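UniProt numbering puts the first residue of the sequence shown at 1, with every later residue one more than the last.
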Amino acid sequence: MKIAVTSQNRKTITEHAGKCRKFWIYDVEKGVVSGKRLVEVSIEQSLHASHHQLAEPLVGINTLITGGMGPGLFERLMQSGILPVVTREKDPDAAVSAMLGNRLERLPVPRGGHCHEHGHFSDVAR
(Lines of atoms letter the chains of each structure in order from A; the text may use other names.)
(Lines give C-alpha, C1' and ligand atoms only; values in the text may rest on other atoms or scores of the structure.)
Protein backbone atom coordinates (compact mmCIF):
# COMPACT_ATOMS: atom_id res chain seq x y z
CA MET A 1 0.00 0.00 0.00
CA LYS A 2 1.15 3.56 -0.68
CA ILE A 3 0.05 6.64 1.25
CA ALA A 4 0.80 10.12 -0.09
CA VAL A 5 0.84 13.14 2.23
CA THR A 6 0.80 16.72 0.96
CA SER A 7 3.78 18.61 2.39
CA GLN A 8 4.88 21.66 0.42
CA ASN A 9 7.40 22.72 3.09
CA ARG A 10 8.54 19.11 3.72
CA LYS A 11 7.71 19.44 7.43
CA THR A 12 3.95 19.84 7.84
CA ILE A 13 0.82 18.72 6.04
CA THR A 14 -0.21 21.23 3.37
CA GLU A 15 -3.74 22.59 3.53
CA HIS A 16 -4.36 22.95 -0.23
CA ALA A 17 -3.94 19.55 -1.88
CA GLY A 18 -4.63 20.82 -5.38
CA LYS A 19 -1.77 23.32 -5.37
CA CYS A 20 0.77 21.17 -3.52
CA ARG A 21 3.83 20.03 -5.47
CA LYS A 22 5.69 18.09 -2.76
CA PHE A 23 4.44 14.84 -1.30
CA TRP A 24 5.78 12.34 1.19
CA ILE A 25 5.16 8.85 -0.13
CA TYR A 26 4.96 6.14 2.54
CA ASP A 27 5.28 2.50 1.53
CA VAL A 28 3.30 0.27 3.88
CA GLU A 29 3.62 -3.49 4.22
CA LYS A 30 1.48 -5.50 6.62
CA GLY A 31 0.31 -2.33 8.35
CA VAL A 32 3.85 -1.02 9.01
CA VAL A 33 5.70 1.78 7.23
CA SER A 34 8.53 0.18 5.25
CA GLY A 35 9.77 3.26 3.41
CA LYS A 36 9.34 7.01 3.05
CA ARG A 37 10.47 9.33 0.27
CA LEU A 38 9.80 12.88 -0.87
CA VAL A 39 8.61 13.43 -4.42
CA GLU A 40 8.06 16.70 -6.26
CA VAL A 41 5.85 17.32 -9.27
CA SER A 42 5.84 20.25 -11.66
CA ILE A 43 3.13 22.88 -11.39
CA GLU A 44 1.56 21.42 -14.54
CA GLN A 45 1.36 18.05 -12.76
CA SER A 46 -0.25 19.40 -9.58
CA LEU A 47 -3.58 17.84 -8.69
CA HIS A 48 -5.35 21.09 -9.57
CA ALA A 49 -3.76 21.41 -13.01
CA SER A 50 -3.78 17.76 -14.09
CA HIS A 51 -7.46 16.93 -14.20
CA HIS A 52 -7.17 13.68 -16.15
CA GLN A 53 -4.32 11.73 -14.60
CA LEU A 54 -1.99 11.61 -11.64
CA ALA A 55 1.61 12.71 -12.01
CA GLU A 56 3.95 9.74 -12.44
CA PRO A 57 5.38 9.94 -8.87
CA LEU A 58 1.82 9.66 -7.47
CA VAL A 59 0.66 6.74 -9.62
CA GLY A 60 -0.16 3.76 -7.44
CA ILE A 61 -1.09 5.60 -4.25
CA ASN A 62 -4.01 4.18 -2.28
CA THR A 63 -4.58 7.10 0.11
CA LEU A 64 -3.95 10.86 0.01
CA ILE A 65 -3.74 12.65 3.35
CA THR A 66 -4.01 16.44 3.29
CA GLY A 67 -5.11 19.45 5.30
CA GLY A 68 -7.77 20.44 2.78
CA MET A 69 -9.25 19.83 -0.66
CA GLY A 70 -12.29 20.80 -2.65
CA PRO A 71 -15.18 18.54 -3.54
CA GLY A 72 -14.10 18.14 -7.16
CA LEU A 73 -10.71 16.70 -6.23
CA PHE A 74 -12.31 14.59 -3.50
CA GLU A 75 -14.72 13.05 -6.01
CA ARG A 76 -12.01 12.55 -8.66
CA LEU A 77 -9.78 10.71 -6.17
CA MET A 78 -12.68 8.52 -5.00
CA GLN A 79 -13.54 7.63 -8.61
CA SER A 80 -9.88 6.67 -9.15
CA GLY A 81 -9.92 4.31 -6.18
CA ILE A 82 -7.85 6.60 -3.95
CA LEU A 83 -9.05 7.31 -0.42
CA PRO A 84 -8.91 11.09 0.18
CA VAL A 85 -8.39 12.01 3.84
CA VAL A 86 -8.61 15.57 5.17
CA THR A 87 -7.24 16.08 8.67
CA ARG A 88 -6.19 18.73 11.18
CA GLU A 89 -3.03 16.78 12.00
CA LYS A 90 0.04 18.75 10.94
CA ASP A 91 2.78 16.14 11.29
CA PRO A 92 3.01 13.75 8.28
CA ASP A 93 4.52 10.86 10.26
CA ALA A 94 1.92 11.19 13.02
CA ALA A 95 -0.90 11.32 10.46
CA VAL A 96 0.26 8.14 8.73
CA SER A 97 0.73 6.36 12.04
CA ALA A 98 -2.75 7.41 13.19
CA MET A 99 -4.22 6.38 9.82
CA LEU A 100 -2.68 2.93 10.08
CA GLY A 101 -4.01 2.64 13.64
CA ASN A 102 -7.48 3.83 12.58
CA ARG A 103 -7.13 6.85 14.92
CA LEU A 104 -6.77 9.71 12.43
CA GLU A 105 -9.47 12.35 12.80
CA ARG A 106 -11.03 13.04 9.39
CA LEU A 107 -12.63 16.33 8.48
CA PRO A 108 -15.61 16.62 6.13
CA VAL A 109 -15.16 17.96 2.60
CA PRO A 110 -17.64 20.63 1.44
CA ARG A 111 -20.27 19.15 -0.87
CA GLY A 112 -20.35 21.80 -3.57
CA GLY A 113 -18.06 24.54 -4.60
CA HIS A 114 -16.70 26.85 -7.20
CA CYS A 115 -13.22 26.66 -8.63
CA HIS A 116 -12.26 30.32 -8.61
CA GLU A 117 -9.28 29.93 -10.91
CA HIS A 118 -10.96 27.97 -13.68
CA GLY A 119 -14.50 29.31 -13.32
CA HIS A 120 -16.22 25.93 -13.17
CA PHE A 121 -18.48 24.48 -10.53
CA SER A 122 -18.18 21.12 -8.86
CA ASP A 123 -21.08 19.47 -7.16
CA VAL A 124 -20.65 16.18 -5.34
CA ALA A 125 -23.82 14.17 -4.74
CA ARG A 126 -25.78 15.70 -1.89
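Glycine is no exception: its CB is placed at the ideal position from the N, C-alpha and C atoms.
Quick caveat: nothing in here was measured; it's all calculated off a predicted structure.
- Bridge pairing for Ala4: Ile25, Leu64 [DSSP].
- Under the three-pair Cβ rule at 8 Å, the stretch 18 to 29 does not count as touching the stretch 103 to 112.
- The residue from Arg10, Ala95, Gly72 with its alpha-carbon nearest to that of Glu40 is Arg10.
- Spatial neighbours of Leu77 in its own chain (CB-CB distance under 7 Å, excluding positions within 5 residues in sequence) are listed in chain order as Leu64, Pro84.
- Counted as a single uninterrupted DSSP element, the beta strand (DSSP E) harbouring Pro84 occupies residues 83 to 86.
- Within 10 angstroms of the beta-carbon of Val32 lie fewer than 16 other beta-carbons, which makes it exposed.
- The three-state secondary structure of Glu75, taken from DSSP, is helix.
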